[in-house]
Amino acid sequence: MGSRPGESIESSGWKDTNEGLLYRDAQIFRSSSAEYNGFLLHVQLRNRKGHSHNAKQGHDSPIMLLPEEPDDRSLCPVTYFLALALADGLFEGCKIIHDLQSKEATPGSSVCSFNYNASIGDKPIFRSVEPDGTISPTEILTHDCFYDMIRNLGQRARHEEKLSAYCLRRGYGSVIDTITIPSKAIISSLIGIDSQSVVHGRAQRVELFSSNSSMMLKRNLLAPMPPGSQLIGVHLHREIQVSDLDVLAAQRRQSRKKAFQEERQRFFQGDSNNTRSASTDASRSPSTYLQALFKFEAARHKIVTLMYPDIERGDDDSDLSLVSETGNPTRTTEATTK
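Residue numbers (the working numbering): 1374 to 1711.
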């Protein structure tokens, strides 16, 4: 919305490159969180002015967030994207809108993502019209063709002045400039402005954009964690020679790291739901190391028991007095004699 034409279609400065907004530049999600229930479209603005054909541009280019507008489908960009994507066969295993709506989210996440067919990902979203009136399967919409389309649209609307893409861009910019803060540009690559609500003259959906402008969107509580992240179920193996210790330790670290990265990649790509992190037996007792410290610091022992409801403690222990004692810990008589 309000972007330069060259960010979506073929720019006049990059003629015959067939470069513009591709399907792989747009990610569609379906959210079922407390803040929002519906489709979300993330559009990566990869072809900004001065950044086209920049190899690093794809990694740090801004991303525009577009929520679904179920009450006004005629002005809903998400609806139009889904219509074009389904017609082009973009989604793996999804042919109609019901297939997208019925797909379940990955356990541990409130967001459902969809895999794209590899052969469709590099296809332009906006494509040109063939001489016979059909849509080209591969050629992108050019600036000249778009210029004629929007000029004719202005004439059919009975405007005296010539309608151009920059009329829409300037109107959009005039509205956005009244509510934008320059310092927000460095917070996230996701544009945290509800441009749809601003254009329609309604209040912005602040909570929705705040929750989707951070890493929380793709967080999964069941995702694998690096080896050694938890102290539960750790077994020490000491049947090794001292001379081989360094070599074997390095090999284990390397193999664990490689296995973790492969497992993590499979998990987020939807190839596997098995994970070591989905443990249901949480430890409710102090570790062996912590228990060894207890015999030297009695006050700390009493404080820690407050964190473990399964451990009984004396009724005469005051929570406030225990906290004050830990501020100036003293050794017990037993520890002093030793």
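Just so it is clear, CB atoms sit at the ideal spot from N, CA and C, and this is done for glycine as well.
- Message: In whole angstroms, give me the CA-to-CA distance for Ser-1650 and Arg-1592.
- Response: Below a pLDDT of 50, predicted positions are generally treated as unreliable, and Ser-1650, at 48, falls in that range; the measurement from the model is reported next regardless. Taking the straight line joining both Cα atoms gives about 14 Å.
- Item | Where Phe-1412 falls: helix, strand or coil (DSSP) | Correct three-state label for Phe-1412: strand.
- Can you tell me the Cα-Cα spacing of Phe-1582 and Pro-1450, whole angstroms? Each residue's alpha carbon lies about 17 Å from the other.
- Output yes or no for whether 8 Å exceeds the beta carbon distance between Pro-1600 and Phe-1633. The answer is yes: Cβ separation under 8 Å.
- Query: Skipping 5 residues on each side, what residues in its chain have a beta carbon closer than 7 Å to that of Ser-1405?
  - Reply: Take Ser-1405, set aside five residues on each side of it, and the residues of its chain with a beta-carbon closer than 7 Å to its own are Ala-1478, Ser-1483, in chain order.
- Message: Helix, strand or coil, according to DSSP, for Thr-1515 in the structure here?
- Response: Here Thr-1515 carries a strand assignment [DSSP, helix/strand/coil].
- Would you report the Cα separation of Met-1437 and His-1573, rounded to the nearest angstrom? Approximately 17 Å between the Cα atoms of the pair.
- Item | Cutoff 8 Å; reference Cys-1518; Cβ partners in own chain excluding five residues on either side | Within its own chain, the residues whose Cβ lies closer than 8 Å to the Cβ of Cys-1518, once the five positions on either side in sequence are excluded, are Ser-1501, Val-1502, listed in chain order.
- Measuring CA to CA, which of Pro-1504, Glu-1534, Ile-1401, Gln-1417 is closest to Gly-1411? When C-alpha distances from Gly-1411 are compared across Pro-1504, Glu-1534, Ile-1401, Gln-1417, the shortest belongs to Ile-1401.
- Cβ atoms of Cys-1485 and Lys-1496: under 8 Å apart, would you say? Going by C-beta atoms, Lys-1496 is not nearer than 8 Å to Cys-1485.
- Let me know the secondary structure DSSP gives Gly-1379 once reduced to three states. Three-state result, Gly-1379: helix.
- Query: By DSSP, does Leu-1395 sit in helix, in strand, or in coil?
  - Reply: In the displayed model, Leu-1395 falls within a strand according to three-state DSSP.
- When we look at the beta-carbon of Val-1579 and count the other beta-carbons within 10 Å, is it buried (16 or more) or exposed? Flag for Val-1579 reads exposed.
- Message: Taking the alpha carbon of Ile-1493 as the reference point, which residue from Ser-1381, Ala-1399, Arg-1629 has its own alpha carbon closest?
- Response: Of the candidates Ser-1381, Ala-1399, Arg-1629, the one whose C-alpha sits nearest the C-alpha of Ile-1493 is Ala-1399.
- Message: If I follow the unbroken alpha helix (DSSP H) through Arg-1673, where does it start and stop?
- Response: If you look at Arg-1673, you'll find it in the alpha helix (DSSP H) that goes 1671-1678.
- Message: Counting C-beta neighbours from all protein chains within 10 Å, is the total for Lys-1728 16 or more, i.e. buried, or is it exposed?
- Response: Nothing can be reported for residue 1728: it is not among the residues displayed for the chain, which extend from 1374 to 1711.
- Closest residue to Arg-1421 among Leu-1463, Gln-1569, Pro-1443, Pro-1378 (Cα-Cα distance): The option with the nearest alpha carbon to Arg-1421 is Pro-1378.
- Cβ neighbours of Asn-1585 in the same chain (closer than 6 Å, five flanking residues each side left out): Result list for Asn-1585: Leu-1438, in chain order.
- Task: Check whether the Cβ atoms of Leu-1463 and Tyr-1539 lie closer than 8 Å to each other.
- Result: No Cβ-Cβ contact shorter than 8 Å links Leu-1463 with Tyr-1539.
- Message: Using only CA atoms, which one of Ser-1570, Ala-1665, Lys-1668, Pro-1659 lies nearest to Leu-1679?
- Response: Of the listed residues, the one whose Cα sits closest to Leu-1679 is Pro-1659.
- Message: With H, G and I counted as helix, E and B as strand and the rest as coil, what does DSSP make of Met-1437?
- Response: In the structure shown, Met-1437 sits in a strand (DSSP, three-state: E or B).
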